[in-house]
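Asks: Top line first, the protein sequences correspond to chains A and B.
Just so you know, we're using my numbering here: the first sequence kicks off at 1 and counts up by one.
Just so you know, we're using my numbering here: the second sequence kicks off at 1001 and counts up by one.
Heads up, the beta-carbon is just placed ideally off N, CA and C, and yes, glycines get one too.
In this text the structure is predicted, and so the values were computed from the model without any measurement.
Below is a structure I'd like to ask you about.
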Amino acid sequence: MADRLIFKIVVILLTIGVVFSYSLSSYLMVRFHTGEFSYVLKQMVFAIASIFTMWSISRLEPDKWMHRIGMTLFLGGLFLMIIMNFLPRSIVPEIGGASRWISIFGIFSIAPVEFFKIGFIYFISWSMSRKVDIHYQYRFVSEFKIFFPYFVVYLISVLFITVIQKDLGQSVVLGTALIILTYLAGGSGSFIFKIVISLTIVFIGLIVTFGHRIERIASWWIVVRNWLPDWMVKVTGETSGTEPYQVQQALGAVSHGGFWGVGLGNGIFKYGFLSEVHTDFVLEGIAEELGLFAIIVIFTLFTILIQRILKIANRSPRRVFFLFNIGIAVSIGVTLLINTYGATSLIPMKGIPVPFLSYGGSSMLALSFGIGMVLMTSKEANSPIQQPLGEPQTYIEEVNRVEHDISNIQPSKFTS
Amino acid sequence: MQIQQSTKVITIFLVFILALFGVFIRYTYVSQSERDLSKIIIKEREKAKRGSIITSDGYTVAYTEKVYTATVDTRDIPEDNKKIFAKMFSIYSGIPEEKILKKINSRKGIVILARKLNFRQYEGLKKLSRELTASRILVGRHVDGVYRYIGLAVVESGAERIYPYGDTLTPFIGYTNEYHEGRYSRVEGVKGIEKRFNDDMKPIHDGYLRGNRDVRGVIIRNGNLEQMVRSDGSDTHLTINMALQKRIELILSEYKEKLDAREVIGAVMESDTGNLLALATSNRFVRKTLKDISYLNVDAVEYIFEPGSVIKPIVYALLLEHKHIRRGQHIDCENGKYWIGRKKITDEHPMGNVPVEEVIIHSSNIGMAKLVKDFDPIEYYNGLKKFGLGIRSGLEVSREIKGRIRSIHELRSHIYRATTAYGYGILVNFMQLLKAFNIFNNEGKIVIPKGVAYLKRGETIFSDIIRDTPTIENSEVISPATARKMKHILIRTVKEGTGRGTDIVGLEIGGKTGTAHIASRGGYLDKYHSSFFGFANDKEHKYTIGVTVVDPEEGYFASQTAVPIFRAIVEALLETKFLEKSY
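The structure is reproduced here in structure tokens:
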């Protein structure tokens, strides 16, 4: 039996998303004469497709299908991300200075990065579960040798996602997932620390290269400054300017909502004040109409969802499923965190959708693949009897390890 | 190993919870904090208007029109589009293209392109503004990452008073001056009806719509919408009939020129109600081309003069009322020369011993002087007051000069009783005489002359207009019998006396002429006033009519000046069907 609670929570979140794609898009509908139901209909079609996808994937046999689906998403996503750079503008339109979508017959468009994200998590999980033996502690050099290829793969995708598609948020999500998976797969604390430091340097480099990000940080600083004691502000020096417009509007919307909100459909900030209210700022739009209360409910749903996925991960009989489930939980969690921190201007980062809630089919559909796969593995994990970790695989991995890294073996302090 | 893995997973979960809690605190803080939400609320004001002035036959002789100002932010016009912008603006506003081009090239920022645009231009330019935005002839710009666009804006900037019929009904309706209330210009009455009813006509309160707005400033009609309907000032409805008024104005202007007079005043009043059908003067004005400031005055109540012989019927009626004249009495008019003490009185038409009515019919000063010889000063004084002399007539204008009559003390002297009796040494205005003569044509009852019928705000009519006069409406000044007697004498005056030339067959016409020299610094000049006051009735209608010619150069006698004007007015009444020949 697949985990029903996860399925239910996702359906609830998708439903909330559909309801608000109707309410929050009202200004766009009027402004662009798209017809009253155009947004909600698209969102509903995708939501139903997602629920169906989730359900059908969850019924499949994990031994056979996990690898097929995971690798298809990874390779397919990567392929699309590469070839979209060579496709004409009519198919890959530039929206807001970034080419993130592939238009299909001009009816709807998909963002390959969303599918690639799930595929990437599967690929890392699969590969790491084969190559890394958690029972041994590696020396730094050999640890570096094992994990370095993953970071090369990661940096290549960062090149596509951040540099070409200008989507820093997704890279951060993937990076975080990668680091946590490295850690859980057996990477040592000091190695993780060094990786984090070097990745930070890479990101600072990227930020410096792209001027508009500096502006964004400067305007973010103005918000943060208000929270700091005076002496700290003096040390760092004054920066001129006001709160960035979008943040102002987002915070205004939350403030307008209060605890119970102004009522479904009664929001004001959606009328052109808070742009992207139906996508990146969907939580603020919800907060205005249904108040802080709705934020509490949504946060609770996400917390339960992530707790359930982590629980399934922890009970997974195989390391690849364990790592994959962790990766999905991290991906959902970090996406939510980046969005909320960004929207309330706690970090200078924007442009990442809220999982399940934001308007947009790709993110939803890709996540439904991810959740479907989680549900698929949950069938094995839910057994109350703790099964030993997959012995045969550990054995194979051990052979592999002996083959390529025998010199680095040290006595391990393992406990079980 | 299993424990270590669980620990790691739990750690990850705890970190997530902690991080989520952190941002939750932020949401809580923001949602409970007060932020300035005034930007999402908009108040659209709708300025209330000043009431109009409307004649009894429905002509609006004064109304307020909103005027609009057009501005453009020149930074929103790309260099290449300046020419086309100027052309388009010129088409919709009627302002020459070069003028617009000069203005938009004058400086960067918001420039006023046109002021005092009317509603039609406003509608056109508003449409143009939308078109220019849509076609990107005007484009916004980014300032600190925020898109700013003002483009072409057309806003209501004030109100202007319009007098569509030019000088018609001036100076009675008066005029207004403009004053500024912030950036908004309004008008205020300075004289005439405009001033007298300024408080009634001025806008009561502006209307507004207050509610949430979208980012482009459009009001959202949701449950938060507050609405206040604007409340305009009252309309003033006149008793004046435009058709008649216009005709009489033309008659007066024509005679002013013909007689080379300084001014000709004329009025027609409904005898039983006091409603003025026309209140005209030859000296009218259009504000913009005004040359002579005295034209601003409503001389019917602001110009006082010695009435001369037209006062005689009034005094005669008082004598009749107080039984100082007996039926069949004869009076010796001394063949034109009579002395009171050292003062000599003469007549234009010397008469001998004649029936007493002839004193009025042939306008004998001597006869009048003799008749008032024993008239009680208190009865005399009070009688004149009751006729409305020396007190305000009550016409609804901003200013009235009431003149003066001899005091009781002065009237104890025969010479003052005599001079008063033939209209010298006292000062009256035109309206007082009209009001007094009306008594003869209204069964002895006095009515207050009325230029304003009622005020109307929305559907509510306010007809209890306060008129500044001690006169009590419809009170009896003389008995109906005396009135009938007087009426008869005045009819005879027209048929056989000084008023000859006014009689028209089929109508009942009566009246009295009067000529008086203009007094100046104690002496009399070779200038005079010539008047005719009387009435013209058919079987259904009764009208009191007055004419005063100020300082005519041609013709001395009223029969050559005021009388033909009176006749022309009666003919105008016939033309406009106010009178029909029915006798």
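Taking 6 Å as the limit between beta carbons, can you name the residues of its chain near residue 1213/B, skipping five residues before and five after?
Replies: These residues qualify, in order along the chain: 1042 and 1219.
Asks: If you drop the 5 nearest sequence neighbours on each side, which residues of the same chain put their C-beta closer than 8 Å to that of residue 1205/B?
Replies: Hits under 8 Å: 1048, 1228, 1230 and 1231.
Asks: Is the Cβ of residue 371/A closer than 8 Å to any Cβ of chain B?
Replies: Not one chain B Cβ lies under 8 Å of residue 371/A.
Asks: Please look up how many angstroms separate the CB atoms of residue 1430/B and residue 1502/B, rounded, as I've assumed it's under 8 Å.
Replies: In fact, because the Cβ distance is near 18 Å, the residues do not count as touching under 8 Å.
Asks: Would the beta-carbon of residue 26/A fall within 8 Å of that of residue 311/A?
Replies: No, these two residues do not count as a Cβ contact at 8 Å.
Asks: Suppose contacts are defined by Cβ-Cβ distances below 8 Å. Is residue 286/A in contact with residue 7/A by that definition?
Replies: Contact: no.
Asks: Spell out a yes or no on whether the region 1392-1411 of chain B and the region 1296-1313 of chain B are touching, meaning 3 or more CB-CB pairs, one atom from each, closer than 8 Å.
Replies: Yes: at least three Cβ pairs fall under 8 Å.
Asks: Compare the C-beta of residue 1014/B with all C-beta atoms of chain A and state if any pair is closer than 8 Å.
Replies: Taking Cβ atoms only, chain A never reaches closer than 8 Å to residue 1014/B, which makes this a no.
Asks: Give the single residue among 1475/B, 1559/B and 1579/B whose Cα lies nearest to the Cα of residue 1259/B.
Replies: The candidate whose alpha carbon is nearest that of residue 1259/B is 1559/B.
Asks: Between which two residues does the beta strand (DSSP E) carrying residue 1155/B extend?
Replies: Here the beta strand (DSSP E) through residue 1155/B covers 1152-1162.
Asks: Would you please state the rounded distance, in angstroms, between the beta carbons of residue 1363/B and residue 1435/B? I believe it to be under 8 Å.
Replies: Not confirmed; about 21 Å, so no contact.
Asks: Answer with buried or exposed for residue 1353/B, where buried requires no fewer than 16 other C-beta atoms within 10 angstroms of its C-beta.
Replies: Exposed: under 16 other Cβ atoms inside 10 Å.
Asks: Using a Cβ-Cβ cutoff of less than 6 Å, which residues in the same chain neighbour residue 1086/B once the five nearest sequence positions on both sides are dropped?
Replies: Excluding residues within five positions, the ones whose Cβ falls inside 6 Å are 1097, 1100 and 1101.
Asks: Going by beta carbon distance, what residues of the same chain come within less than 7 Å of residue 333/A, once the five residues before and after it are set aside?
Replies: Within the same chain, residue 333/A has close Cβ partners 306.
Asks: Give me the residue from 1325/B, 1455/B, 1109/B and 1575/B with the minimum Cα distance to residue 1201/B.
Replies: Considering only alpha carbons, the answer is 1455/B.
Asks: Could you list the residues in the region 78-95 of chain A with a C-beta less than 9 Å from some C-beta on chain B, going in chain order?
Replies: Here the close residues number zero.
Asks: Which two residues bound the contiguous alpha helix (DSSP H) that contains residue 423/A?
Replies: As shown, chain A starts at 1 and ends at 416. That puts residue 423/A outside it, with no answer to give.
Asks: Going by the beta-carbon positions, is the gap between residue 1280/B and residue 1248/B smaller than 8 Å?
Replies: Cβ distance < 8 Å, so residue 1280/B and residue 1248/B count as in contact.
Asks: Based on the DSSP output, what are the partners of residue 37/A in its beta bridges?
Replies: Note: residue 37/A sits in no beta bridge, so no partner.
Asks: Note down, in chain order, each residue of its chain lying with its Cβ closer than 6 Å to the Cβ of residue 101/A, except the 5 sequence neighbours on either side.
Replies: Counting only Cβ-Cβ distances below 6 Å, and skipping sequence neighbours, we find 109 and 111.
Asks: Taking residue 1160/B as the reference, which of 1153/B, 1117/B, 1128/B and 1379/B has the closest Cα?
Replies: Residue 1160/B has its Cα closest to that of 1117/B, out of 1153/B, 1117/B, 1128/B and 1379/B.
Asks: On the three-state DSSP scale, how would you describe residue 1363/B?
Replies: It is coil, neither helix nor strand.
Asks: If we cut at 8 Å on Cβ distances, does residue 255/A have a partner in chain B?
Replies: Yes, contact with chain B.
Asks: Over what stretch of residues does the beta strand (DSSP E) that includes residue 1041/B continue unbroken?
Replies: 1041-1046 is the span of the beta strand (DSSP E), which, as asked, contains residue 1041/B.
Asks: Measuring only between beta-carbons, confirm whether residue 344/A sits less than 8 Å from chain B.
Replies: At least one chain B Cβ lies under 8 Å of residue 344/A.
Asks: So if I threshold CB-CB distances at 7 Å, which residues from the region 308-320 of chain A count as touching chain B?
Replies: Result list: 310, 313 and 314.
Asks: Taking a cut of 8 Å between CB atoms, which residues from the region 1448-1474 of chain B lie near chain A?
Replies: From the region 1448-1474 of chain B, no residue has a Cβ closer than 8 Å to chain A.
Asks: Whose C-alpha, out of 1016/B, 1032/B, 1074/B and 1234/B, is nearest the C-alpha of residue 1463/B?
Replies: When each option's Cα is compared against that of residue 1463/B, the closest is 1234/B.
Asks: Shortest alpha-carbon distance to residue 1079/B belongs to which of 1072/B, 1500/B and 1105/B?
Replies: Measuring from the Cα of residue 1079/B, the nearest candidate turns out to be 1105/B.
Asks: Who are the neighbours of residue 1019/B on chain A, taking C-beta pairs under 7 Å?
Replies: 337, listed in chain order.
Asks: Pull the bridge partners of residue 1530/B from the DSSP assignment, please.
Replies: DSSP lists 1515/B and 1549/B as partners of residue 1530/B.
Asks: Are there 16 or more other CB atoms within 10 angstroms of the CB of residue 1526/B, so buried, or fewer, so exposed?
Replies: So residue 1526/B ends up on the exposed side.
Asks: Rounded to whole angstroms, how far is the Cβ of residue 274/A from the Cβ of residue 284/A, which I believe are closer than 8 Å?
Replies: About 6 Å separates the two Cβ atoms, so the contact holds.
Asks: Tell me which residue opens and which closes the alpha helix (DSSP H) that residue 17/A is part of.
Replies: Here the alpha helix (DSSP H) through residue 17/A covers 4-23.
Asks: For chain A, find out if any of its Cβ atoms is closer than 8 Å to the Cβ of residue 1219/B; answer yes or no.
Replies: No, residue 1219/B lies away from the interface with chain A (no Cβ there is under 8 Å from its Cβ).
Asks: Can the beta-carbon of residue 1446/B be found closer than 8 Å to that of residue 1479/B?
Replies: No.
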